[in-house]
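Below is one structure, written out as structure tokens, with a few remarks after it.
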DNA sequence: TCCCTGTGCTTACCGGGTAACCTCGTCCAT
DNA sequence: ATGGACGAGGTTACCCGGTAAGCACAGGGA
């Protein structure tokens, strides 16, 4: 739903056609999540079907020619009343976090831990390397804006970097992109911390199993410590109450 | 790919039929991510198509009746050699974190920050409430194992809790479920921290904008028409001066 | 002239995910 | 015994997110 809702939000600002939607979306997220043009159109058409969006009537016949420079021969879309309602409702409703999305890493480790013969430690170490790598990339991007886009999403897709920026107006877009990056950084840090945590738990469990004889891996003292060295990520000073 | 890979990993332990796959998957993730049976079968059939899995030949004719209690009339699946290779390769390869998955919340805030007339502070506050709520639920679950499942994933789906547990063997499943919960907790904490961070950044930005005169932060529209109307989003009264 | 590039758009296709449905076999009450 | 309820096991149709390939058209050089 994120794309769908995002498009509605963009259309709430002004009518646009498909390419513009894509451009705006990517500009404001710093190109972090490239948006396939096909998806834009199918999504918009679904929105039309659902009555949230309607095509702006083309000036085709008759009154086209007056004042407005409605020269574009392209189909533009705008919100209906229902669409506007959906937009405000989206802003008013938090993103649901209660039936969390499937996380491949969590699933993988859950299965690894319960599968005989899997080298869990190895899995964790390799994952940590990978996650640290991406974390480093993110922080580097943060320091060197690189004139954004590119970078992430390794897939080819011709680079466009160019001086497309409307000179002044989008300090706001820079802010947004910077916040998105922070989000990725915070997420990666949490993942690292979790990996450390898992490793510690496993070490403790296997140690106990060893010393206490075979007695079935006692089920988890409910709480524990979060050891990690707080990994110093520039600009990611943690604000609120620690992890625990 | 998480489900697909997970099924391969499960089948690496022993041949199973669809229902068993679902049970095992849910047991080891503590029911955090309920798996629709239809998805199991379509996924398994794709695996068969791709040569990673094959049905165990039914004991139909002839030699069925010897020693093995191969009494099940149901189709069971097992890995092929290619499947086993895929499994070990999955364990050996970290989950990619470089083209991060779309995160609805990050997208939403990026758009909120760049949209005129959106009450960003309100969005953040509501989200924080929601995320804190789920965080609380997670930690409560952690303290009170509740005999797991249920709880998350509000959708109906008859509860089954029962004493299905194979008495001893799955202290490991408890461990796995506990780790999954930790993962959710770490993620939620990171989200909270990020929300705080965003709020602080916005406060700082708006403060600077205020003291330094109007300077930057001009109108938004990089392209064409900017109907001065500023779109009257009904009910989206900007409570705070955070942005703009 | 021809070709390249960029804009705007369409289409076919795939995989994840859900819901509704079907078939058996077993158990139990009438 | 019969027939309903129920659970295990499985199939199907459908939707949505997402990708790739292609079409049409308009400048702008070499």
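Chains as they are written, first to last, in our numbering: chain A, 1 to 244; chain B, 1001 to 1244.
By construction, the Cβ of each residue, glycine as well, lies at the ideal position given by its N, Cα and C atoms.
One or two residues paired with residue i in a DSSP bridge
| i | result |
| --- | --- |
| residue 1 of chain A | Beta-bridge pairing links residue 1 of chain A to no other residue. |
| residue 961 of chain B | Nothing can be reported for residue 961 of chain B: it is not among the residues displayed for chain B, which extend from 1001 to 1244. |
Residue i in three-state terms, based on DSSP
| i | result |
| --- | --- |
| residue 53 of chain A | strand |
| residue 1010 of chain B | helix |
| residue 1177 of chain B | helix |
| residue 194 of chain A | helix |
| residue 38 of chain A | helix |
| residue 43 of chain A | helix |
| residue 1226 of chain B | Low confidence applies to residue 1226 of chain B: its pLDDT is 31, below 50, so where it sits in the model is not reliable enough to give any reading. |
| residue 1187 of chain B | helix |
Pair within 8 Å by beta-carbon distance, residue i and residue j
| i | j | result |
| --- | --- | --- |
| residue 180 of chain A | residue 30 of chain A | yes |
| residue 1009 of chain B | residue 111 of chain A | yes |
| residue 40 of chain A | residue 18 of chain A | yes |
| residue 1198 of chain B | residue 1109 of chain B | yes |
| residue 1025 of chain B | residue 1056 of chain B | no |
| residue 120 of chain A | residue 202 of chain A | yes |
| residue 13 of chain A | residue 1089 of chain B | no |
| residue 292 of chain A | residue 1130 of chain B | Past the boundaries of the shown model lies residue 292 of chain A; chain A is included only from 1 to 244, so the question cannot be answered. |
| residue 1043 of chain B | residue 1007 of chain B | yes |
| residue 1048 of chain B | residue 176 of chain A | no |
| residue 256 of chain A | residue 127 of chain A | In the structure as shown, chain A starts at 1 and stops at 244, and residue 256 of chain A therefore has no counterpart that could be examined. |
| residue 1173 of chain B | residue 1028 of chain B | yes |
| residue 1085 of chain B | residue 1051 of chain B | no |
| residue 1079 of chain B | residue 1092 of chain B | no |
| residue 137 of chain A | residue 1038 of chain B | no |
| residue 35 of chain A | residue 22 of chain A | yes |
| residue 1033 of chain B | residue 133 of chain A | no |
Distance cut-off 7 Å: residue i Cβ against heavy atoms of the ligand NAP
| i | result |
| --- | --- |
| residue 132 of chain A | Absence of the ligand NAP from the depicted structure is noted, as is the absence of any ligand whatsoever, leaving it without description. |
Requested in this report: Say whether the segment 1188 to 1200 of chain B touches the segment 174 to 186 of chain A, bearing in mind that this needs 3 or more beta-carbon pairs closer than 8 Å, one atom from each stretch.
Outcome: Yes, the segment 1188 to 1200 of chain B touches the segment 174 to 186 of chain A.
Query raised in the report: In chain order, which continuous runs of the alpha helix (DSSP H) of length 4 or greater are located wholly inside the segment 83 to 158 of chain A?
Result: Segments of the alpha helix (DSSP H) lying fully in the segment 83 to 158 of chain A: 104 to 114 and 120 to 143.
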